[in-house]
Amino acid sequence: MDFTLPETALAVREGVRAIGARYDHAYWSRLEEEHRFPWEVWKDLAEGGWIGLTVPEEYGGGGQGMLELAVACETLAASGGTGGIFLYVLTPGFGATTLARHGSEEQKKRLLPGLASGGTQFCMALTEPDAGSDALRIRTRAVRDGGDFVINGQKIWISGLENADWMIAITRTVPAAEAKPRTSGFTLFLVDVKEAVAAGTLQYTPIPKLGSNVVTSSQVFFDDLRVPAENVLGEVDGGFSVLWDVLNPERILAAAGGVGTADAALDVAVRYAKERQVFGRPIGANQGIQFPLAQIKAKTELGRLMTYKAAWLFDRGLPCHAETNIAKLTGAQVGWEAANQAFQTFGGMAYSKEYPVERLFRDSRIARNIPVAEELVLAHLGTQVLGLPRSY
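Mapping of the sequence shown onto full-length UniProt numbering: position 205 corresponds to residue 205, and the numbering continues sequentially without gaps.
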């Protein structure tokens, strides 16, 4: 394949880069301290058309693909908005991309215009206290009651719920113990968040966390939450294939965020290495500083290419499970390695909140655990790509 970006993706990069330049590291660090959503950035991205990229043109969007969305996410992170990658994972990734591919015509007409304009926000609820990586074991149950389904259960680490208008809730309509095959019996629902919160059938509690506090992550409880049957996303009992089509974009966007984070950390470290004088010369002249940063640059470019390849395959409807997992693995690792090396480059000053290094350090670390732990990615590659025996 040709790794030269198409004009559409280059235009996205320039547009998002221009917006990112308005919001420096100090802005993102301030919002992190205040635990505040970047509404100013969201407004600018939405007005520029950079939120509704994957919404088809007939619904007011850009009609672009996952490649353009990944470039947007990468570029926002590279500008310093490393926690801001959730702006792309949640609403454009979970919401717009999934609805455009799997929503009914009524669902598309009802929700896609708001997703295109940025007036509607989405979140997704999959993870449970006893079912994280092992999604087949989720226990949140949806039971049909006339023309509705009633949902009961618990979710955890659900990000962006505080601002979401709609949630994609992943449920079991057939308990895991009864499902044959195990991937059957999944049903995805579109949940009106504000309506459910007002009715008291959806409750959530924010979880105090180490970083990425521009978006809240919460524990969620469904208590006889009633959802009309027309809000089923895809087919009843046949939602697992739709879920995979949610998880692959999540991995691609996480990879893009990791690569963008590496760009941001490398930029900060290189500038400091040029300016900081020790023993009469810039510390960047020392190979002990220079070579690790050069190694990070090489790994970043490799991660970037893998992310673009995964997005390219996804856009063409080609098999991409291995590629999305490799992209996520390499993107997360280089994002963390870059932030860690930036920390080492700054020496003791990295510990000071005067510099953005400590925020980049915190934001980058979680990517090795979410949206899927790298150990499970390696297990997938070992068994599904290399053909080795299963370890779980």
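Note that beta-carbon positions come from the ideal geometry of N, C-alpha and C, so glycine has one too.
Using a Cβ-Cβ cutoff of less than 8 Å, which residues in the same chain neighbour E323 once the five nearest sequence positions on both sides are dropped?
M306, K309, A310, L313
Are the Cβ atoms of G118 and A46 separated by less than 9 Å?
yes
C-beta atoms of V197 and L115 nearer than 9 Å
no
Let me check one thing: in DSSP terms, what residues is W336 bridge-paired to?
Answer by DSSP bridge pairing: none, since W336 is not bridged.
If you reduce the DSSP assignment to three classes, tell me which class A177 lands in.
coil
Nearest to residue 394 by CA position, among S29, E58, R22, V12, is which residue?
Absent from the model: residue 394. The displayed extent of the chain is 1 to 392, so no value can be given.
Specify whether the region 192-206 and the region 100-114 touch according to this definition: at least 3 beta carbon pairs, one from each stretch, less than 8 Å apart.
no
Count the other C-beta atoms from every protein chain shown that fall within 10 angstroms of the C-beta of K43, then say buried if there are 16 or more, exposed otherwise.
exposed
DSSP state of L210, grouped into three classes?
coil
Nearest candidate by alpha-carbon position, reference Q107, set E337, A21, Y59:
Y59
Cβ-based burial, D134 [other Cβ within 10 Å; buried from 16]
exposed
Check whether the region 278-289 touches the region 361-374, taking contact to mean three or more Cβ pairs, one atom from each stretch, closer than 8 Å.
no
Taking all protein chains shown into account, do 16 or more other C-beta atoms lie within 10 angstroms of the C-beta of H35, making it buried, or fewer, making it exposed?
exposed
Identify, in the order they occur along the chain, each residue of the same chain with its Cβ nearer than 6 Å to the Cβ of R17, setting aside the five sequence neighbours on each side.
T75
Taking buried to mean at least 16 other C-beta atoms within 10 Å of its own C-beta, is R30 buried or exposed?
exposed
Could you give the C-beta distance for V220 and F37, rounded to a whole number, given that I count them as a contact under 8 Å?
Not confirmed; about 18 Å, so no contact.
Just how far apart, CA to CA, sit L53 and E250?
15 Å
Of all the options L253, V236, A264, which has the alpha carbon lying nearest to the alpha carbon of G147?
V236
Straight-line Cα distance separating T383 from W50
38 Å
Give the C-beta separation of R359 and E105 to the nearest angstrom, bearing in mind that I take them to be a contact with Cβ-Cβ under 8 Å.
Actually they do not touch by this definition, with Cβ atoms about 43 Å apart.
Quick check: the Cα distance between A164 and T205, rounded to an integer number of angstroms?
14 Å
Assuming N248 is part of the alpha helix (DSSP H), what are its boundary residues?
240-275
Classify F186 as helix, strand or coil using the three-state DSSP reduction.
strand
Supposed close pair V377, G331 - CB separation, criterion 8 Å:
The Cβ separation is near 11 Å, so there is no contact.
Where G200 and V246 are concerned, what is the direct C-alpha to C-alpha distance, given to the nearest angstrom?
27 Å
Those runs of the alpha helix (DSSP H) which lie wholly inside the region 53-91 and span at least 4 residues:
66-78
Considering only residues of the region 305-390, which uninterrupted alpha helix (DSSP H) runs meet the minimum length of 4 residues and lie entirely inside it, listed in chain order?
321-346, 357-365, 374-380
How do the region 176-188 and the region 338-346 stand: do at least 3 beta-carbon pairs fall below 8 Å, yes or no?
no
At a cut of 8 Å, does the region 173-187 reach the region 226-242 through at least three beta carbon pairs?
yes
Under the rule that 16 or more other beta-carbon atoms within 10 Å means buried, what is W28, buried or exposed?
buried
Run through DSSP, which three-state label would T171 get?
strand
Considering only the alpha carbon of each residue, which of H25, E40, W166 lies closest to C123?
W166
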